[in-house]
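Chemist: In my numbering, the protein residues as written are 3 to 57.
#1: For residue 48, which three-state DSSP category applies?
#2: Quick one: residues in its chain with C-beta nearer than 6 Å to the C-beta of residue 19, no 5 flanking neighbours on either side, listed in chain order?
#3: Can you grab the Cα-Cα spacing for the pair residue 5 / residue 54, in whole Å?
#4: Taking the alpha-carbon positions, what's the residue 25 to residue 9 distance?
#5: Round the Cβ separation of residue 41 and residue 11 to the nearest angstrom and send it over; I've been treating them as touching at under 8 Å.
What follows is the structure, encoded as structure tokens:
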């Protein structure tokens with residue numbers, strides 16, 4: 003998280019869209035005056051569907 007003036011930028015990776023949205027909600031609750039730039043990425047955290055081949 004980076005705060006500059008009245009803007010906050012959050013970044014990182016989460017497993018679900020719900021978690022991404024929850025980050026923004028927490029910031030809104032704690033600091034409603036800030037403009038939020040949510041750069042958090044939703045990444046797949048599922049188990050592999052097949053065996054990984056190492057070379």
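Note that CB positions come from ideal geometry on N, CA and C, so glycine has one too.
Please read all numbers here as calculations on a predicted model, not as lab measurements.
Modeler: Let me spell this out:
#1: coil
#2: 44
#3: 41 Å
#4: 15 Å
#5: 6 Å
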